[in-house]
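**Student:** If you're matching positions, the sequence shown starts at 34 in our numbering and goes up one per residue.
Got a structure for you, written out below as structure tokens; questions coming shortly.
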Amino acid sequence: MAFEKINEFAADKQKLCVEHDTISDELFREYGVNRGLRDINGKGVLTGLTRISKVVSFKDENGEHVPCDGELWYRGYNINTLIKNLDGFGFEKTAYLLIFGEMPTAQQLAEFNDVLTECRTLPSNFTRDVIMKAPSKDIMNSMTKSILTLSSYDDDIASNSIDNCIRQCLQLTAVFPMLAVYGYHAYNHYENDDSMYIHRPTSGLSTAENFLRLLRPDMQYTELEARVLDIVLMLHMEHGGGNNSTFTTRVVTSSGSDTYSAIAAAMSSLKGPRHGGANLKVMQMMQDIRTHVTDPQDKDAVRAYLSKLLAGEAFDGKGLIYGMGHAVYSISDPRERVLKSYVQKLAEAKGKTSDMALYSAIEEIAPQLIAEKRRIYKGVSPNVDFYSGFVYDMLGIPLELYTPLFAIARVVGWSAHRIEELVGMGKIIRPAYKSVMEEIE
Numbered sequence: 034m035a036f037e038k039i040n041e042f043a044a045d046k047q048k049l050c051v052e053h054d055t056i057s058d059e060l061f062r063e064y065g066v067n068r069g070l071r072d073i074n075g076k077g078v079l080t081g082l083t084r085i086s087k088v089v090s091f092k093d094e095n096g097e098h099v100p101c102d103g104e105l106w107y108r109g110y111n112i113n114t115l116i117k118n119l120d121g122f123g124f125e126k127t128a129y130l131l132i133f134g135e136m137p138t139a140q141q142l143a144e145f146n147d148v149l150t151e152c153r154t155l156p157s158n159f160t161r162d163v164i165m166k167a168p169s170k171d172i173m174n175s176m177t178k179s180i181l182t183l184s185s186y187d188d189d190i191a192s193n194s195i196d197n198c199i200r201q202c203l204q205l206t207a208v209f210p211m212l213a214v215y216g217y218h219a220y221n222h223y224e225n226d227d228s229m230y231i232h233r234p235t236s237g238l239s240t241a242e243n244f245l246r247l248l249r250p251d252m253q254y255t256e257l258e259a260r261v262l263d264i265v266l267m268l269h270m271e272h273g274g275g276n277n278s279t280f281t282t283r284v285v286t287s288s289g290s291d292t293y294s295a296i297a298a299a300m301s302s303l304k305g306p307r308h309g310g311a312n313l314k315v316m317q318m319m320q321d322i323r324t325h326v327t328d329p330q331d332k333d334a335v336r337a338y339l340s341k342l343l344a345g346e347a348f349d350g351k352g353l354i355y356g357m358g359h360a361v362y363s364i365s366d367p368r369e370r371v372l373k374s375y376v377q378k379l380a381e382a383k384g385k386t387s388d389m390a391l392y393s394a395i396e397e398i399a400p401q402l403i404a405e406k407r408r409i410y411k412g413v414s415p416n417v418d419f420y421s422g423f424v425y426d427m428l429g430i431p432l433e434l435y436t437p438l439f440a441i442a443r444v445v446g447w448s449a450h451r452i453e454e455l456v457g458m459g460k461i462i463r464p465a466y467k468s469v470m471e472e473i474e
């Protein structure tokens, strides 16, 4: 559908927006504005309190704020401990922990799994009428459309009572894998002319198992594949109240809006390439590196090409090594450290040891180069996005589902923060903006 007049009009007027909406860096410094709600040292501006999780990247030693190995805590449990003590799949158990604040007993977990199984269903003809019609190549947009449409099937959409919110959040958590995979299959069929198949979830299977079953034409997967995906989901479930999509959930919830609107807003935040889309950039960068570095054991060649990346002379010209560094962590990202051991096992099983060697070489060399060539206020290390895309690639998961998989995990964290915001419902979140416009007589 072409709109020639509006396209020409917008192209002509964009210079006015740039002219009148540009604010100099000097003014931000003059008024002490912490851009991105982070101070000059990268520390987030304190905007709230939470009992759901904790992210640690610095510790106080002898009166000094010093970088430390990163830590991630869910409801008082270190993520390393949670994964180390796993007996079976961990996503559902961790979801119960994050949402309800305590570790479930065996009976409570069984009941919780039964509830999720019951909720793994969509309204009659929903897949045909909502997902398959007007499919989008952006599966995050497809999912967001589906989330908002599901609200019209809810007879109690507007109630923000805690029990109603729990019901809505669990129903959304249960169907997220279906919304993602069905959305992809519809796009792949209508846009790429591939065969389309719609499998239904099976009771008794974990979220990770059901996702792989829904995605694959033969519905088959190995135990290792499902276990590794389960770990990836656990590591992406929650990351504090300050990350962009979770803070969005808090902001929308504070306005008194409904669950579907809050989660849809969080989805819109997560789909941004500066938030949930980072692992896509890592995969694109790695494909570019493979075409120029034929021997992953040749560290000099790896170093030389990474230097070109930093100089803006390779790949997308942005001067970045994607998958390196994090807004919060400095010395290490605990999620990356946990994930790496599982990535190695999967790479061996999939015959991808050469690719693993290249990842390992970049993990070793990139932080050194960045430290040499850039002025940084804290350490740089690989983040969880560095390896997550590699995992998805080895599992045969298409690029279009990378960020939706993040959402399948993070909807649990969003749900927990929405409930916590409702329990302690205070004022609407409304930070200040200083006007620097010129008054016209």
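For every residue, glycine included, the Cβ atom is placed at its ideal position computed from N, Cα and C.
Applying the 10 Å Cβ sphere with the 16-neighbour rule, what's the burial state of I116?
**Tutor:** It counts as buried.
**Student:** Just to confirm my understanding: we take S301, look at its own chain, exclude 5 residues before and 5 after, and list those with CB closer than 7 Å. What are they?
**Tutor:** The residues are T177.
**Student:** Between the Cα of S414 and the Cα atoms of F124, Y220, I452, I364, which residue gives the shortest distance?
**Tutor:** For the residues F124, Y220, I452, I364, the minimum Cα distance to S414 belongs to I364.
**Student:** Three or more beta-carbon pairs under 8 Å between the region 165–182 and the region 281–297, yes or no?
**Tutor:** Contact between the region 165–182 and the region 281–297 is present, because at least three Cβ pairs lie under 8 Å.
**Student:** Alpha carbon to alpha carbon, how far is F36 from D45? Give it in angstroms, no decimals.
**Tutor:** Whole-angstrom Cα-Cα distance: 14 Å.
**Student:** Straight-line CA distance for S421 to C152?
**Tutor:** In a straight line, the C-alpha of S421 is about 28 Å away from that of C152.
**Student:** Assess contact between the region 138–156 and the region 192–199, defined as three or more Cβ pairs (one per stretch) separated by less than 8 Å. Is contact present?
**Tutor:** Result no; under three Cβ-Cβ pairs closer than 8 Å.
**Student:** If you follow the alpha helix (DSSP H) that K6 is part of, which residue opens it and which one closes it?
**Tutor:** Residue numbering for the chain in the displayed model covers 34 to 474; residue 6 lies beyond these limits and cannot be assessed.
**Student:** Using only the alpha-carbon positions, how far apart do L130 and T114 sit?
**Tutor:** Cα to Cα, L130 sits roughly 14 Å from T114.
**Student:** Using a Cβ distance threshold of 8 Å, determine whether the region 417–433 contacts the region 447–463, with at least three qualifying pairs required.
**Tutor:** Touching, no, given that fewer than three Cβ pairs across the two stretches are closer than 8 Å.
**Student:** Run through the region 134–198 for me and flag every whole alpha helix (DSSP H) of 4 or more residues, listed as ranges in chain order.
**Tutor:** Entirely contained in the region 134–198, the alpha helix (DSSP H) runs reaching 4 residues are, in chain order, 139–152, 172–183.
**Student:** Starting from the Cα of G81, find the closest Cα among F423, K92, D366, H450 and give me that residue.
**Tutor:** Cα-wise, what sits closest to G81 is H450.
**Student:** Could you spell out where the alpha helix (DSSP H) holding Y466 opens and where it closes?
**Tutor:** First-last for Y466: undefined, no H or E at that position.
**Student:** Starting from Y107, follow its DSSP beta bridges and name the residues at the other end.
**Tutor:** Note: Y107 sits in a beta bridge opposite S86, Y110.
**Student:** Cα-Cα, which of P210, M252, V335 is closest to V444?
**Tutor:** Nearest option by C-alpha distance: P210.
**Student:** Can you tell me whether DSSP reads H475 as helix, strand or coil?
**Tutor:** Because residue 475 is not part of the residues shown, which for the chain are 34 to 474, the question remains open.
**Student:** Taking all protein chains shown into account, decide if G384 is buried (16 or more other Cβ within 10 angstroms of its Cβ) or exposed.
**Tutor:** Counting Cβ neighbours within 10 Å, G384 comes out exposed, since fewer than 16 surround it.
**Student:** By alpha-carbon positions, which one of E135, K126, P156 ends up nearest to F145?
**Tutor:** Considering only alpha carbons, the answer is K126.
**Student:** Apply the 10 Å Cβ neighbour rule to H269 and answer buried if 16 or more other Cβ atoms are within range, or exposed otherwise.
**Tutor:** Buried is the call here.
**Student:** Rounding to the nearest angstrom, what Cα-Cα distance links K406 and G350 in this structure?
**Tutor:** Between K406 and G350, the C-alpha separation is close to 16 Å.
**Student:** Quick check: does the Cβ of M136 come within less than 7 Å of any heavy atom belonging to the ligand MG?
**Tutor:** Here there are no bound small molecules, and the ligand MG is not part of this structure.
**Student:** Restricting to Cα atoms, I'd like to know which of Y293, V361, S468, L372 is closest to P100.
**Tutor:** Per the Cα distances, V361.
**Student:** Could you give the uninterrupted runs of the alpha helix (DSSP H) lying entirely in the region 241–293, keeping only those of 4 residues or more?
**Tutor:** Entirely contained in the region 241–293, the alpha helix (DSSP H) runs reaching 4 residues are, in chain order, 256–269, 277–287.
**Student:** Output the boundary residues of the alpha helix (DSSP H) element that contains V376.
**Tutor:** Segment 367–383, the alpha helix (DSSP H) holding V376.
**Student:** Report the residue from V163, S236, R283 whose alpha carbon sits nearest the alpha carbon of T182.
**Tutor:** Nearest option by C-alpha distance: V163.
**Student:** Taking all protein chains shown into account, do 16 or more other C-beta atoms lie within 10 angstroms of the C-beta of I112, making it buried, or fewer, making it exposed?
**Tutor:** I112 is buried by the Cβ-count criterion.
**Student:** Whether or not the region 384–404 and the region 323–340 are in contact is what I'm after, with contact meaning three or more pairs of Cβ atoms, one per stretch, closer than 8 Å; do they touch?
**Tutor:** Yes, since at least three Cβ pairs between the region 323–340 and the region 384–404 fall closer than 8 Å, the two stretches touch.
**Student:** Alpha carbons only, please: which of P234, R233, H232, Y217 is nearest the one belonging to D226?
**Tutor:** Closest option to D226, Cα to Cα, is Y217.
**Student:** For C50, count neighbouring C-beta atoms within 10 Å of its own C-beta (all shown protein chains included) and say buried if the count is 16 or more, exposed if not.
**Tutor:** Exposed, by the Cβ-count rule.
**Student:** Assuming A219 contacts P168 (C-beta within less than 8 Å), just tell me the rounded distance between them.
**Tutor:** So it is a contact: roughly 4 Å between Cβ atoms.
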